[in-house]
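Protein chains in written order, with the working numbering: chain A, 1 to 203; chain B, 1 to 203; chain C, 1 to 330; chain D, 1 to 330.
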Ligand SMILES: Nc1ncnc2c1ncn2[C@@H]1O[C@H](COP(=O)(O)OP(=O)(O)O)[C@@H](O)[C@H]1O
Ligand SMILES: Nc1ncnc2c1ncn2[C@@H]1O[C@H](COP(=O)(O)OP(=O)(O)O)[C@@H](O)[C@H]1O
Ligand SMILES: [Mg+2]
Ligand SMILES: [Mg+2]
Ligand SMILES: [Mg+2]
Ligand SMILES: [Mg+2]
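Have a look at this one:
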């Protein structure tokens, strides 16, 4: 992944989130406080605006995006997405074209940091339930076809619906959360799906 | 009118007001603040409860009712109805069976006091627009048939609708008040109609 | 309309008891009345009594205390209290220096308070009253009811109270209160109506995107219904209505009150205040004092009113003098 | 939902400016932040910082001032503020004696404030925090998010603030704040929902005669929906929920807060307070302090919460110590 592709990733994520803002808010209204679309929209718009167009350092691009998300999203998703991109950026610092293996290692480091920050595990009906299986997939499968990655993200997202929420505001709904989609898992899917899109374009 | 009839007047007024409480509130909602039914209901219930069953002094009965209305109705109608019954009672103080002439003089004194208290004249779309013409009718016509009195009250009430409000909250509606009924005129009608009912019974 | 209450006819009584239980060191209730009185009157001063219908909380009991009111009389919801109650309040606060009644200009309030004043005069108590009529939404005419009294009443409480606390005579306090009234103008706008408990209906109706400009604190009609404007547009509109009669010019000092009607989030009031300040400042007018909050409400009506008091030195000093009451502490 | 605002995304910014314009002697805004700070910090004391999403006004800026907070950080409506903003607040109020963060227990608040604390520690500032979790409507379990922080937060502000004002060290202030949290329980009920500006929908729905008991201050679900009870029944129900964990017994002293959710007329809160006092008194519990008003709101949600703080001598002293803030002056 080149720096330009990383920038495109942020752009594409922002685009998908903007296009699905209402849906994200709607999901968060059902199981939360109804601001997830607004939060993510605000955050990714800021992340796009601050993009350093000149650097070829992938780490720098991603770290900049993370810092921006951290300082603009707020709520639960801000520190989590902020941490994800900042840690991924830290792992790829100085790299101009990391390969899929480096990206995978970066994902592991970033997702572990998110989990620590949120004191969350997979299976608690959060964005982790998309990030964690996708990262495991990257770690264990030979991802020759990037579409498989998107499918994995999609399948994980699908599964989240069946979980009972244990973390975040959705946890207040307890067993009533089963059968409903988690807003953060949905936005995580858009971010990962955006990654697949830009990586495929780069190929 | 005997003291017993005066007591019946208060009873009958209370009954008619209670039966038409919603209507009075409704009218006051359209041109005022929507409490006239509540105010009058509360006041007349108190007036009934304090009735002195033993006295034969008509003035005492009416003055007691007036004091009770004054201290229970509140709002604009409280001082006005309070003044009416207190002044009427004062005029008939010591009387055990005043005739229609005495009653008429009492009405004049009471209605004048109301007008002074409310700084109001006839034609301003208030309860005065029922009391004043009925009093004039008593003063000028030979009221052989009490039903004529009720008809006069009814006709006056009918006329009030066409007036533009100049006093009380309805005045804020200015020309929009034309065509709508005034709550206080309506309650005044019930009180006068009650008087006719009990006087006829006494006959 | 869902409300936290028991029977509608118990509301005022239970509210008053609830108030005394909340502020036992500041308030007491005169037995068998709807009168709340300062627990300890400041000695040897003119008494100040206000009141009106209930449903305007924190008015009026919220202004009882040091430097403001000595007693507040509550009527039923949106209904003036009766003369006997006002009379009890007068008797309770008179210390021989006389009592000022602060009346809002509604027919009912005026008549009931006037009768109480007459009862007190009959007993040899020196009583004066002022009638607050700050609401520019209603024309002032001697032939009709005249302008209504709304949130500007709080400035009257404050300044008359401060004057009384400083030892002024009844006529001095009255003169100052009258000057406040002369220099105070208000206007309100409603976004949603209120409903008198037990009446079963809201006091008025508004469309989904409609507001009423010039609304009274009991839901009396205003000057016009308009589409919901932005906060900035609304501030401009309200300011345009209150300003003219005050004849403000560059360099003048004013006090500004941004008052919520009961159900308005404070956030919205601060947003309104933000632009009002800018507008006044741009006109060269100094806002020497700002009050933002729920001071004179109309049950759960949503919306806001703004009040402007044109200051002179004396008014400013008394407005900023210390006061310690439930809803207005300086 | 009609609101007095300009663009939804300008609300917090304009509210903060409006606040500073209303209280220019008490507040200042750190440039380019959503942080409000005391105009003049009391010298040489532990700093106290609170904050959270906007929409809870007067929380949190209303508690800035003598004897309470030194700074308040505002997020977007119902959204925790970000770590960089909290960090700015910490830097602004630290005087070398360290800073206590008062966090309400929501995942977002906890994470953002924790990250800010880490940033501050990295710069050598001594930071501690406490997490308020007074809402009994939610189970407390280490496996889940745990109980929410609601109106009890104000007692934490007050008592921690008083301790800091009296010169206590950071660890002492923290210890006391933790004790307040341990002894504070709350529960709320909603009659009508609130709507996040720009979201286009109310946060939840309730039938015409329905309330939700145990609602959170962002519209999070409660324990049950029931038919609208009378005020007396509601007080009993709410009290039955908060009492058990506090293990109150005859002779205990408590502080009671009856808090409006934003659109609730004060009258209803006083009525609730009236019966709550009777119930507590009948159980032999002394209400040594009562607060009735809008302290921790949820935009225009209608309803109320009650908070009980079990007092000991130190808590009582600090609760009743002087404070001078916009929304809480003693
Ligand atoms: N402890 C946690 N760990 C991981 N993800 C979480 C946690 N808590 C919440 N989330 C995620 O954050 C999302 C909510 O984000 P958002 O609505 O922006 O914040 P908030 O809940 O503060 O309003 C949830 O849908 C969930 O996926
Ligand atoms: N100045 C006045 N003189 C005579 N009658 C008046 C005056 N003002 C109001 N009224 C009468 O009082 C009625 C309203 O009474 P009510 O609703 O009980 O009091 P309020 O207007 O204080 O709520 C009006 O319908 C009108 O008939
Ligand atoms: Mg959310
Ligand atoms: Mg009326
Ligand atoms: Mg009335
Ligand atoms: Mg949120």
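Think of the CB as a built atom: it goes at the ideal place given N, C-alpha and C, for glycine as much as any other residue.
query	result
At least 3 beta-carbon pairs within less than 8 angstroms: the stretch 23-34 of chain C vs the stretch 192-201 of chain B	no
Interface flag, residue 110 of chain B vs chain C, CB-CB below 8 angstroms	no
Check: residue 55 of chain C C-beta below 7 angstroms from any heavy atom of ligand 5	no
Euclidean distance between Cα positions of residue 86 of chain B and residue 271 of chain D	35 angstroms
Inter-residue spacing [alpha-carbon to alpha-carbon] between residue 18 of chain A and residue 77 of chain A	16 angstroms
Those residues which DSSP pairs with residue 35 of chain C across a bridge	C:73
8 angstroms contact criterion, which residue 265 of chain D and residue 262 of chain C should meet: CB distance rounded	5 angstroms
Beta carbon of residue 68 of chain C nearer than 8 angstroms to that of residue 3 of chain C	no
Any chain C beta carbon closer than 8 angstroms to residue 125 of chain B	no
Exercise answer, beta-carbon shell around ligand 5 heavy atoms below 5 angstroms	B:33, B:35, B:75, C:78, C:79
Beta carbon of residue 207 of chain D nearer than 8 angstroms to that of residue 215 of chain D	no
Continuous alpha helix (DSSP H) stretch holding residue 5 of chain A: start and end	3-19
Residue 326 of chain C: first and last residue of the uninterrupted alpha helix (DSSP H) it sits in	Run containing residue 326 of chain C: none; DSSP gives neither H nor E here.
Backbone secondary structure at residue 106 of chain D - three-state DSSP	coil
Contact list for residue 84 of chain D against chain A, beta-carbon separation under 8 angstroms	70, 71
Chain-ordered neighbours of residue 173 of chain A on chain D, where CB pairs are closer than 7 angstroms	221
Coarse secondary structure for residue 261 of chain D, derived from DSSP in three states	coil
Environment of residue 59 of chain C [buried if 16+ CB atoms lie within 10 Å]	buried
Residues that residue 14 of chain D contacts on chain C, provided the C-beta gap is smaller than 7 angstroms	271, 274
Neighbour-count burial assignment, residue 75 of chain C, 16 or more Cβ in a 10 Å radius	buried
Exposed unless 16 or more other CB atoms sit within 10 angstroms - verdict on residue 171 of chain C	exposed
Euclidean distance between Cα positions of residue 174 of chain D and residue 168 of chain D	10 angstroms
C-alpha distance - residue 278 of chain D paired with residue 188 of chain C, whole-angstrom precision	38 angstroms
Among D:177, D:43, D:10, the one whose alpha carbon lies nearest that of residue 311 of chain D	D:177
For residue 185 of chain D, the residue or residues it bridges with in DSSP	D:308
Residue interval of the alpha helix (DSSP H) (run including residue 127 of chain D)	Per DSSP, residue 127 of chain D belongs to no alpha helix (DSSP H); it is in the beta strand (DSSP E), 127-132.
Buried or exposed (CB count within 10 angstroms, at least 16 for buried), residue 249 of chain D	exposed
Interface partners of residue 262 of chain C on chain D, CB under 7 angstroms	265
Interface flag, residue 244 of chain D vs chain C, CB-CB below 8 angstroms	no
Length at least 4, wholly inside the stretch 223-249 of chain C: the alpha helix (DSSP H) runs in chain order	231-246
Residues in the stretch 111-134 of chain C having any Cβ partner in chain B nearer than 9 angstroms	111, 112, 114, 115
Simplified DSSP assignment, three categories, for residue 151 of chain C	coil
Residue 135 of chain C: CB within 7 angstroms of a non-hydrogen atom of ligand 2	no
Local Cβ density within 10 Å of residue 155 of chain B, reported as buried at 16 or more and exposed below that	exposed
Member of A:116, A:190, A:102 whose CA lies at the smallest distance from the CA of residue 167 of chain A	A:116
Cutoff 6 angstroms; reference residue 118 of chain B; Cβ partners in own chain excluding five residues on either side	80
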